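Right, one structure below, let's go through it.
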Amino acid sequence: MIVVEYQGDKTTSEYQTAFVGKGITFDSGGYCLKSSSRQLGMKFDMSGAAIVLSVISALAEQEVAANVLVIAMLTESVVKSHAGWYVEINNTDAERYLVLADGISYAKQTYHPATINDVATLTSSVKNAVGVNISGMFSNNEKLVKNFTKVTENTLEPVWWLPIQLENYDNLTSEIANFKDVTTNRGYGVGNGGGGPK
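Per full-length UniProt numbering, the sequence shown runs over residues 1 to 198.
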């Protein structure tokens with residue numbers, strides 16, 4: 001885990017926001033090995049971590065008057081969670097929620113930021129929902145979504161706000177743990193990407 005603190009607001013020591021990025025340096029799939037064709041783009045599975053580190057670098061370069069925290073989650077093979085959750089592992093290639101959950105838990109418990117934004121190559125099924133030129137976004141904060149959407153329009157990197165439904169949480173319910181890492185219900189597609197632990 002890489003933690004970078006930027007304190008550009010001299011009037012307070014509190015963090016206005018935190019960014020948590022997923023950084024799988026190469027996602028082979030682990031014991032559930034991906035096929036050779038599916039491994040071709042897996043060097044990009046560290047994009048989330050690269051993006052959040054770029055964000056804080058840009059903020060510092062522009063000397064923005066804000067306090068921002070960045071956590072880049074670089075994984076290792078450890079079967080535990082920062083928040084103390086028990087997870088039923090059904091597919092070792094579904095590390096996405098677990099990596100982000102640890103970073104989000106650490107940010108919440110250690111720094112108490114007003115908002116947390118996570119960035120990740122979470123699920124390829126987002127392409128089925130919005131195409132290849134638009135990024136999907138899940139959020140429970142409408143004001144934040146509107147502000148972020150406005151910014152992305154100005155940078156020509158559009159995003160689309162996708163719904164978080166209670167059914168997505170139900171899909172991850174486990175009979176032997178707090179939740180499971182994957183769902184067997186494929187009908188929700190990209191919606192399962194927004195149904196992970198918060």
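Ideal placement from N, C-alpha and C gives every residue a C-beta, glycine not left out.
For clarity, every value in this text was computed on a predicted model and none was experimentally measured.
Residue environment, Tyr104, which counts as buried when at least 16 other CB atoms sit within 10 Å = What you label residue 104 is simply residue 104 of the sequence shown in a count that begins at 1. According to the sequence shown, residue 104 is Ile rather than Tyr. Burial call: buried.
Does the beta-carbon distance from Ala18 to Ala83 come in below 8 Å?
-> Against the sequence shown, residue 18 aligns to sequence position 18. Against the sequence shown, residue 83 aligns to sequence position 83. Contact: no.
Return the Cβ separation of Thr183 and Leu166 in integer angstroms, given the expectation that the two are a contact with Cβ distance under 8 Å.
-> Within the sequence shown, numbered from 1, the residue matching residue 183 stands at position 183. Within the sequence shown, numbered from 1, the residue matching residue 166 stands at position 166. Not confirmed; about 14 Å, so no contact.
Determine the extent of the beta strand (DSSP E) in which Lys22 is found, giving its start and end residues.
-> Taking the first residue of the sequence shown as 1, we reach residue 22 at position 22. Its beta strand (DSSP E) spans residues Thr17 to Gly23.
What residue range is occupied by the uninterrupted beta strand (DSSP E) comprising Ser135?
-> Here residue 135 refers to the residue found at position 135 when the sequence shown is read from its first residue. Segment Ser135 to Phe138, the beta strand (DSSP E) holding Ser135.
Under 8 Å Cβ to Cβ from Ala129, same chain only, skipping five residues before and after it: list those, please.
-> One-based indexing of the sequence shown puts residue 129 at position 129. So the list reads Gly136, Trp160, Leu162, Gly189 and Val190, once near-sequence residues are dropped.
Give the secondary structure of residue 241 by DSSP, where H, G and I count as helix, E and B as strand, and everything else as coil.
-> Since the first residue shown for the chain is 1 and the last is 198, residue 241 is missing from the structure and cannot be characterised.
Please determine, among Asn91, Met42, Cys32 and Ile116, the residue with the shortest C-alpha to C-alpha distance to Ala72.
-> By 1-based counting over the sequence shown, the position of residue 72 is 72. Per the Cα distances, Ile116.
Can the beta-carbon of Asp9 be found less than 8 Å from the beta-carbon of Leu98?
-> Walking along the sequence shown from the start, residue 9 turns up at place 9. Walking along the sequence shown from the start, residue 98 turns up at place 98. Contact: no.
For Ser81, collect the residues of the same chain with a Cβ closer than 8 Å to its Cβ; drop the 5 residues on either side in sequence, then sort them by chain order.
-> In the sequence shown, residue 81 corresponds to position 81, counting from 1. Only Val87, Leu98, Ala101, Asp102 and Ser105 meet the Cβ criterion.
Proximity to Asp45 [Cα-Cα], best of Phe26, Leu69, Arg38 and Ala58 | Position 45 of the sequence shown holds residue 45. Nearest option by C-alpha distance: Phe26.
For my contact list, Gly48 and Gly21 are in at a C-beta cut-off of 8 Å; report their separation, rounded to the angstrom.
-> For this step, residue 48 is matched to residue 48 along the sequence shown. For this step, residue 21 is matched to residue 21 along the sequence shown. About 4 Å; that satisfies the 8 Å criterion.
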